[in-house]
Amino acid sequence: MIDHNEFQKRFGIFYRSQIMKEMVEVIHQVAPTDITVLLYGESGVGKELLARAIHGLSPRANKKMISVNCGAIPEGIIESELFGHQKGAFTGAVETRKGYFELADGGTLFLDEIGELPLPLQVKFLRVLETKEVLRLGAETVIKVDVRFITATNKNLADEVAKKRFREDLYYRLRTVMIEIPPLRKRKEEIPILVGKFITDFCERNNIPQVEITQDALNFLMDYNWPGNVRELKNSIESAIALNKKGILTVEDFKKILVLTSSGDGQKFLPIHLNKSVESAEREFIYRALFEIKKDLMEIKDFLINRQHKIEDIIPEVTLSEPASIREAEKEAIKSALIKTNFDKKKAAELLGISLRTLYRKIKEFNLESD
Ligand SMILES: Nc1ncnc2c1ncn2[C@@H]1O[C@H](COP(=O)(O)OP(=O)(O)OP(=O)(O)O)[C@@H](O)[C@H]1O
Ligand SMILES: [Mg+2]
């Protein structure tokens, strides 16, 4: 018998639904083995948390789990990041370096957004899965590695296979143990416990007295459909507490946040023409960024006028001055797209008209990670 209370506390994964209980049981079954697991679910459902739990319940728990986001590494260096390289393998390879496959030796390698792995590397990754051998770039002999793989995707890989963007053989290999994590809207009974947990954690972390929440507010959260899943719920609770002054969260507190963040609509954004030179595409990106900021300011202004709120009621510190630089404008546009999409990077990249990879690069550059 699994002690769900103990599991929740140990891994910080909270749930009440039957479907999650069954999933946690599957996790207990597969964790002790070396079987490759594929976690499938929308953004923000808790894939990374579950990967940590699988690792934590495995005999490798005292070794490290390395997380690699396949969508975040620039395409040109992803092979050498994963496989490593010998000195002199390419211009700039001034010394021999181990890749993640070797660095995770003895432990677990979590490959997030596996659907973003470029096709030629999918073949090579499949070979590593089958042989547990790695060939560094520029090397002549293979190196044995002892790694447990956990992969994750928010893309439907069967669709990707049909579109010839994901290799069928790798897909069949990965889907042997596929754990599907349902979106929050399909397991709304978790909402009360998650709300309680996020309130307590946030208040403790920030040294503020425990905040209460009204039954109406809780009902309101139960009715919302949470496109950004648990991450969106967590972010909303944290914003609501940060903006709240009364020590009790009401429906109004959440209306402000959920209205502001769900107003993003792809249709309203200017199209981008991709067959232009990089320079003109960048220029267009900046124009659009400025356009977005202007639109956001207008929306906030509208919102304030309609509801007769003072601006400090909503956003404690807003700078309404002109953006300091193009770089600053770019950062603001990215921030705003991330907030609008509740940190769903795929949607944010679509909104901005840039590739997911570029978005990851910018997030890192501007230090805009959500968690
Ligand atoms: N059941 C849960 N209990 C407590 N916190 C949770 C739960 N599920 C998710 N979270 C929290 O929600 C946030 C998102 O979770 P996580 O990063 O694991 O999602 P993900 O599925 O990997 O998302 P993405 O596809 O965007 O990478 C994290 O802050 C995580 O701690
Ligand atoms: Mg993740």
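Per this note's numbering: the sequence shown = residues 4 to 374.
Quick reminder that beta carbons are idealized off the backbone N, C-alpha and C, glycines included.
Keep in mind that this is a model prediction, so the values were computed, not measured.
Check: Tell me whether residue 351 sits in a helix, a strand or coil according to DSSP, three-state version.; Outcome: helix
Check: For the beta strand (DSSP E) that contains residue 4, what are its first and last residues?; Outcome: From DSSP, residue 4 is part of no beta strand (DSSP E); its letter is neither H nor E.
Check: Would you kindly work out how many angstroms separate the C-alpha atoms of residue 62 and residue 40, rounded to a whole number?; Outcome: 15 angstroms
Check: For the beta strand (DSSP E) that residue 71 lies in, which residues bound it at each end?; Outcome: 68 to 72
Check: Whose CB is closer than 7 angstroms to a heavy atom of ligand 2? List the residues in chain order.; Outcome: 50, 51, 115, 155
Check: If you follow the alpha helix (DSSP H) that residue 156 is in, where does it begin and where does it stop?; Outcome: Premise fails: residue 156 lies in the beta strand (DSSP E), 151 to 156, not in any alpha helix (DSSP H).
Check: On the DSSP letters alone, give me the boundaries of the alpha helix (DSSP H) that residue 41 sits inside.; Outcome: Counting along the chain, residue 41 falls outside any alpha helix (DSSP H), though it belongs to the beta strand (DSSP E) covering 40 to 43.
Check: Whose C-alpha, out of 247, 258, 371, is nearest the C-alpha of residue 222?; Outcome: 258
Check: Secondary structure at residue 111, three-state DSSP: helix, strand or coil?; Outcome: strand
Check: When the Cα of residue 29 is compared with those of 342, 12, 60, which residue comes out closest?; Outcome: 60
Check: Write down every uninterrupted run of the alpha helix (DSSP H) in the segment 9 to 41 whose length is 4 residues or greater and which is fully enclosed by it, in chain order.; Outcome: 21 to 33
Check: In angstroms, rounded to a whole number, what distance separates the CA positions of residue 357 and residue 193?; Outcome: 35 angstroms
Check: Please state whether the Cβ-Cβ distance between residue 54 and residue 117 is less than 9 angstroms.; Outcome: no
Check: To the nearest angstrom, report how far apart residue 50 and residue 8 are at their CA atoms.; Outcome: 19 angstroms
Check: Throw me the rounded Cβ distance for the residue 71 and residue 37 pair, which I believe falls under 8 angstroms.; Outcome: Rounded, the Cβ-Cβ distance is 18 angstroms, inconsistent with contact.
Check: Determine the contact status of residue 3 and residue 10, defining contact as a CB-CB distance below 9 angstroms.; Outcome: This structure does not reach residue 3, given that the chain is present from 4 up to 374, and the question cannot be answered.
Check: Tell me whether the beta-carbon of residue 173 lies closer than 9 angstroms to the beta-carbon of residue 125.; Outcome: yes
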